[in-house]
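Here is the structure we will look at.
In this note's numbering, the protein residues as written are 624 to 862.
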């Protein structure tokens, strides 16, 4: 059967506002294909390589690099320039031995930061859903679509430190009072703070988190807050 994933290109002026690309010319830009992240919260790998990291000068060069296996995302080779790169993904540029993690920064939901090689296989994943399974275990789904089974009783909105590409849980951070969090979207995107409290949601209001950032305390929806550690972040999430 033919692959049905929508148009492979997008008008530049209709691209998500956080994309750091020229809006004037040319008229079209790569669109993201269906994958682990939505278009509103991701970049196509082709745009990452050409417009953000400037390691390729054209989409033709992007395709050549991908086909040669010179680029990996979370430790896996990617062969399609429309593959989406999103929150906490790691892009490896093999020829230059450079590694970039995509994190919220300076009010933008996604920007690349350079990281050390010893962190290239580590990733933070926020638990989005939890379902009881057989044999007293649970099935969890992370923000990037990965699922895993575990007998450990984690909570939705907690964060797991996972090792890739062979999936394994290295650590776990519970979203609770006193833990360190990063804001993933909105005007505070990229800010790291401490949880002061958690407010229950209602029919009209989502669950909210009180976060102290510097000298101020803000109340944020729990969906845009991600636990990154107890006292400090388990891995690098800022420059």
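Glycine included, each C-beta is placed from N, C-alpha and C at the ideal position.
State the Cα-Cα distance for the pair residue i and residue j, rounded to the nearest angstrom.
i	j	result
residue 624	residue 705	Low per-residue confidence applies at residue 624: pLDDT is 46, beneath 50, and the placement is therefore not dependable, though the value from the model is reported in the following sentence. About 20 Å.
residue 677	residue 644	12 Å
residue 853	residue 835	14 Å
residue 745	residue 820	28 Å
residue 796	residue 647	43 Å
residue 690	residue 803	40 Å
residue 649	residue 640	17 Å
residue 693	residue 642	24 Å
residue 732	residue 838	22 Å
Looking at the structure shown, is residue i part of a helix, part of a strand, or coil, going by DSSP?
i	result
residue 820	strand
residue 797	coil
residue 669	helix
residue 791	strand
residue 637	helix
Excluding sequence positions up to five away, which residues of its chain have a Cβ less than 8 Å from the Cβ of residue i?
i	result
residue 653	631, 632, 633, 667, 669, 670, 682, 704 and 705
residue 698	713, 715, 743, 744, 787 and 788
residue 769	659, 748, 785 and 790
residue 855	803
Flag residue i as yes when its Cβ comes closer than 7 Å to any non-hydrogen atom of the ligand COA, and as no otherwise.
i	result
residue 848	This structure lacks the ligand COA; in fact it carries no ligand of any kind.
Quick one: using the 10 Å Cβ neighbour count with 16 as the cut-off for buried, is residue i buried or exposed?
i	result
residue 755	exposed
residue 680	exposed
residue 739	exposed
residue 840	exposed
Going along the chain, which residues of its own chain have a beta-carbon closer than 6 Å to the beta-carbon of residue i, five neighbours each way excluded?
i	result
residue 764	751, 752 and 770
Taking only runs of the beta strand (DSSP E) that begin and end inside the region 702 to 734, which ones reach a length of at least 3 residues, in chain order? Whole beta strand (DSSP E) segments, 3+ residues: 713 to 716 and 721 to 728.
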